[in-house]
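> All residue numbers for the sequence shown refer to this note's numbering, where the first residue is 44 and numbers rise by one.
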Amino acid sequence: MSQVELTGLELPEIKTEIPGPKSVQSVDRLARGECPAITARRARRKAETGVGQDPIVWARARGANVEDVDGNLYVDLTSAFAVAGIGHTHPKVVEAAQKQLGRVVHAMGDVYPSDAKIEFLDRLVDVMPEGLSQCILGLSGASAIEAALKTAVVHTGKPGVLSFFGGYHGLGYGALSVTAYRSNFREPFLSQLSGHVRHVPYPDQYRPPFGMSLDSSPEDISRSCITYIEQILDGPASGGESIGAIVIEPIQGRGGEVEPPKGFLSELRRVCDERGIVLIFDEIYTGFARTGDMFACEHEGVLPDIMCVGKALGGGVALSAAVGRPEVMASWGTSSGEAVHTSTFLGNPLSCAMASAVLDVLQQEQWVEQVRERGDRLKARLEGLAEEFPSLIGCVRGRGYMLGLDLLADVNTRKPHPAAAIELMDRCRRQGYLVLPSGVHGNILALSPPFMITDEQLQGFFDVLYKEVKRLYSKI
């Protein structure tokens, strides 16, 4: 392996114990300057699970590979939280960044915008589903969600929002109000969160809500959730008359790769249309080919009023957007002075130039079609693993290159097994493969690899995964 540049096509090479000495020393240095709530997670995780959680410290990344400061080479099956969809440091994105660095790095947002911002907005609207054509840019998924929530309230005049259990939309106050991922994220801040948010069950086909039978049909699960939502919106004294927005992930990401039954999103669209409610899709994780469609909502042909995107959009830099229908975005009116929703780094030229390159790569390299085909093959292999080890792997979740193994402690009750996910993550990492747990119980082994991961790299991962799953299964 070159000490200067990774090819993005290499198999793992472990040179030292993981985490290596330089990684440990680096994290110790980090702990002196970083808030302990962030850095000290390694000690907390070890106390909870018995699995060491000292992180590896990244030095270089290219394609589907990451090299740490100790010289260990890994295959990344996380895409760094689904950001590196087209791969780490894609050459065309790097070239776009270098060119922009020599021209202008920062402009003045809504006052004096850069040409890079204007070019990017043209490109973004071009790839969005038809009908979504006006944007509010942001720096994170949370800021896109908050822009969408603001838009909904100026459009409807109603402060209420309905969102879903297991939904993760970010941790800024507005985004945290609609997030229902884990209680410890919210509890310290409950007094400062919006009191106008209602959470309802997501239609999980594997763990049905409302105490429904585990063998309930997808249609019954969908119907139960839609009926419950309609009762909240229409019932006497329910408070539903104040709800002006519904926020949902078309497939839950951090919540555990949870895919709703076919037809649920269409029914949710109907519910909103009948009541004049703004439908917001959070496609921050699922967007830009991750699920085998450019956007997950296209799988059912359902158009939201506002779509929030981010993560993979910036090619590794912070950039997000809330993209809406013109008639909804027009509710902001025209500015009579200073913009009432803006930021210093609105449409940062460097971010916009890199994002334009990302969109070019997605289309030129035809990643939508490739991810759909490769994702089907990957899911079939995972389903074969689940069939061989049914008492440990309950089901394979997700679509495209957004997949997860649902790990069980009890197959009869479908009780989650979070310790298994943590152990598999650690054992894969020690053999050169990076994966993450997900889900509200932490029992989903999540796979969201960069799109260009090779068959050889995936085979290497499967060899390790099979060995470790078999070892865990033998202890059941």
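Just so it is clear, CB atoms sit at the ideal spot from N, CA and C, and this is done for glycine as well. Values in this document were obtained by computation on a predicted structure and should not be read as measured data.
1) Comparing C-alpha positions only, which one of LEU450, MET171, SER517 sits nearest to GLY437?
2) Quick one: Cα of GLN502 to Cα of LYS513, how far?
3) Start and end of the alpha helix (DSSP H) containing GLN409?
4) Please name the residue or residues paired with LEU450 in a DSSP beta bridge.
5) For ARG229 and LYS142, what's the separation of their Cα atoms in angstroms?
6) Is the beta carbon of ASP415 less than 9 Å from the beta carbon of GLY335?
7) Assuming contact is defined by CB atoms lying nearer than 9 Å, are TYR117 and TYR476 in contact in what I supplied?
8) From which residue to which residue does the alpha helix (DSSP H) around ASP469 run?
9) Taking only three categories from DSSP, how would you classify TYR328?
10) What is the residue span of the alpha helix (DSSP H) that MET372 lies within?
11) Let me know if CYS78 comes out buried or exposed under the rule of 16 or more other beta-carbons within 10 Å of its beta-carbon.
12) Spell out the partners DSSP gives ASN108 in its beta bridges.
13) Report the three-state DSSP secondary structure of LYS7 (helix, strand or coil).
14) So, PHE425 versus LEU467, is the Cβ gap smaller than 9 Å?
15) Rounded to whole angstroms, what is the Cα-Cα separation between GLY215 and HIS242?
16) Per DSSP, what kind of secondary structure is SER45 in: helix, strand or coil?
17) Output the distance between the C-alpha atoms of ALA422 and CYS178, rounded to the nearest integer angstrom.
18) Can you check which of these residues, PRO369, HIS342, GLU381, PRO244, is closest to ILE349 by C-alpha distance?
19) Assign ASN486 to buried or exposed, taking buried as 16 or more other Cβ atoms, counted over all protein chains shown, within 10 Å of its Cβ.
20) Would you decide whether SER66 is buried or exposed? Buried here means 16 or more other CB atoms lie within 10 Å of its CB.
21) Using only CA atoms, which one of PHE324, LEU311, GLY283, PRO303 lies nearest to VAL290?
22) Flag this pair as yes or no: are the beta carbons of LYS305 and TYR328 separated by less than 9 Å?
23) Quick one: does GLU77 have its CB under 9 Å from some CB of chain C?
24) Does the structure place the region 369 to 386 close enough to the region 333 to 347 that three or more beta carbon pairs sit under 8 Å?
25) Are the beta-carbon atoms belonging to VAL352 and GLU326 less than 9 Å from one another?
26) Need the endpoints of the alpha helix (DSSP H) that PHE207 sits in, please.
27) Between ARG440 and PRO461, what straight-line distance do the alpha-carbon atoms span, to the nearest angstrom?
28) Below 8 Å, can you find three or more Cβ-Cβ pairs linking the region 310 to 319 to the region 248 to 261?
29) Report buried or exposed for PRO303, applying the criterion of at least 16 other Cβ atoms within 10 angstroms of its Cβ.
30) Can we say the region 167 to 182 touches the region 201 to 208, given the rule of at least three CB pairs closer than 8 Å?
31) Mapping DSSP to helix, strand and coil, what is GLU341?
32) By the 10 Å Cβ neighbour count, where 16 or more other Cβ atoms means buried, how is GLY106 classified, buried or exposed?
33) Could you give the residue range of the beta strand (DSSP E) that holds CYS178?
34) For the alpha helix (DSSP H) holding PRO261, just list the boundary residues, first then last.
35) Name the two residues that bound the continuous beta strand (DSSP E) containing VAL70.
36) What are the start and end residues of the alpha helix (DSSP H) that includes HIS239?
Looking at the atomic coordinates:
1) LEU450
2) 16 Å
3) That residue, GLN409, is in no alpha helix (DSSP H); it is neither H nor E in DSSP.
4) ILE436
5) 42 Å
6) A small fix is needed here, since residue 415 is Arg in this sequence, not Asp. In contact: ARG415 and GLY335 (Cβ atoms closer than 9 Å).
7) yes
8) 461 to 473
9) coil
10) 369 to 372
11) exposed
12) ARG105, VAL118
13) This structure leaves residue 7 out entirely; the chain is present only between 44 and 519.
14) First, the residue type needs correcting, since residue 425 is Leu and not Phe in the sequence shown. In this structure, LEU467 does not lie closer than 9 Å to LEU425 by Cβ.
15) 17 Å
16) Summary for SER45: the model assigns pLDDT 36, below 50, so the residue's position carries little reliability; its value from the coordinates is reported in the next sentence. The answer is coil: DSSP assigns SER45 none of H, G, I, E or B.
17) Residue identity check: residue 422 is Lys in the sequence provided, not Ala. Approximately 34 Å between the Cα atoms of the pair.
18) PRO369
19) buried
20) buried
21) PHE324
22) no
23) Within the model displayed, chain C is absent; a lone protein chain is all it includes.
24) no
25) yes
26) Counting along the chain, PHE207 falls outside any alpha helix (DSSP H), though it belongs to the beta strand (DSSP E) covering 203 to 207.
27) 16 Å
28) no
29) buried
30) no
31) helix
32) buried
33) 177 to 181
34) 261 to 277
35) Not the beta strand (DSSP E): VAL70 falls in the alpha helix (DSSP H), residues 64 to 76.
36) Unbroken run through HIS239: none, as it is neither H nor E.
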